[in-house]
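Read through the structure below, which is laid out as structure tokens, and then see the notes.
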Amino acid sequence: MRTLRDLQEIDEDLFRVKGELKRLPAERDKRRAVIDARLQRMKEIDADIFKLSLQVKEVEDMTKANRQRMMKLEREAGNTADQALLAAYSHEIRSLKRENAEADDEGLKLIERSDALQAERDAIQAQVDEEEAAFAVLAANVEAEIAVAEQKREGLDARRKVAMGDGVPPDVLTTYERMLEAREGMALAALESRVCQGCFMGVPANVAVKLTRGRELVQCPNCQRILYTWE
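Just so we're aligned, residue 14 is where the sequence shown starts under this note's numbering, counting upward by one.
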């Protein structure tokens with residue numbers, strides 16, 4: 014039990030260090046994901062703006078073709094006195110003007126949508142520029158903290174090997190390490206006045222008796238931590 018208690022002291026620190034080694038990259042990756050999501054949105058906006066520009070070009074080409082057609086009709090109308098033709102020319106010109114007016118309105122809406130998207134993109138770009146600068150600092154700090162944590166882990170691993178030696182039976186070590194993982198680095202708990210100091214629940218008298226005898230590994234029936242006494 015003395016060996017397990019020595020291991021517990023080391024493993025408690027080791028568990029915290031391993032937690033840091035998980036937390037630090039996760040924190041960095043979370044910040045990176047936010048920036049990447051903004052960059053992805055910018056790509057989507059660029060694609061939408063490009064599509065809108067094509068639609069605006071189609072509207073411009075159509076209205077240009079309509080204006081050219083109206084000019085031709087006006088010339089032809091000036092060269093004839095045929096009332097039927099004049100009426101037909103006049104009707105088509107009015108239709109083309111109405112079509113161009115509607116197209117101009119649609120083109121204006123397309124441009125307004127494009128401008129709104131560009132404004133959104135500019136705002137996102139400003140955010141990204143600021144966040145990229147902050148992320149560069151964060152990433153450098155995380156790398157430095159990871160390096161420190163790795164050194165601590167190596168040192169604790171070395172101490173753990175020395176502390177463990179050959180004094181822990183395989184079945185006991187298996188139980189200890191299982192509880193170490195299940196109870197987040199706290200596999201052992203002291204028993205004081207028949208109360209487990211891990212879960213603060215009372216244990217039956219026979220459990221306390223078994224622990225006092227010291228002939229077997231005794232676990233708390235509530236939290237399953239390995240029990241020990243301070244004596």
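Even glycine gets a Cβ: it sits at the ideal position worked out from N, Cα and C.
| Asked | Found |
| --- | --- |
| Where does Gln237 sit, in a helix, a strand or coil, going by DSSP? | coil |
| Determine the extent of the beta strand (DSSP E) in which Ala203 is found, giving its start and end residues. | Leu201 to Glu205 |
| Under three-state DSSP, which class holds Gly198? | coil |
| Tell me whether Arg226, by its Cβ, gets closer than 6 angstroms to a heavy atom of the ligand MN. | Here there are no bound small molecules, and the ligand MN is not part of this structure. |
| Pull up the distance between the alpha-carbon of Val141 and that of Lys64, whole angstroms please. | 24 angstroms |
| Could you tell me which residues DSSP puts in a beta bridge with Gly215? | Val208 |
| Roughly how many whole angstroms lie between the Cα atoms of Gln138 and Ile239? | 55 angstroms |
| If distances are taken between C-alpha atoms only, which option among Cys209, Thr187, Ala152 and Cys212 comes closest to Lys43? | Ala152 |
| Candidates Ser103, Ser66 and Thr93: which alpha carbon is nearest Leu123's? | Ser66 |
| Contact check, Met192 vs Ala200 under 8 angstroms by CB: the rounded distance? | 4 angstroms |
| Going by the beta-carbon positions, is the gap between Leu169 and Asp26 smaller than 7 angstroms? | yes |
| On the three-pair Cβ rule with 8 angstroms, is the segment 103–118 touching the segment 81–88? | yes |
| Looking at the secondary structure, which residues open and close the alpha helix (DSSP H) in which Pro38 lies? | Arg15 to Gly91 |
| Tell me, please, which residues DSSP counts as bridged to Gln6. | A question about residue 6 goes unanswered here, because the residues of the chain that appear run from 14 up to 244. |
| In this structure, does DSSP put Asp117 in helix, strand or coil? | helix |
| Have a look at Arg196 and Gly215 and give me their C-alpha separation to the nearest angstrom. | 18 angstroms |
| Residues in the same chain with beta-carbon distance under 6 angstroms from Ala90, minus the five sequence neighbours each way, listed in chain order, please. | Leu99 and Tyr102 |
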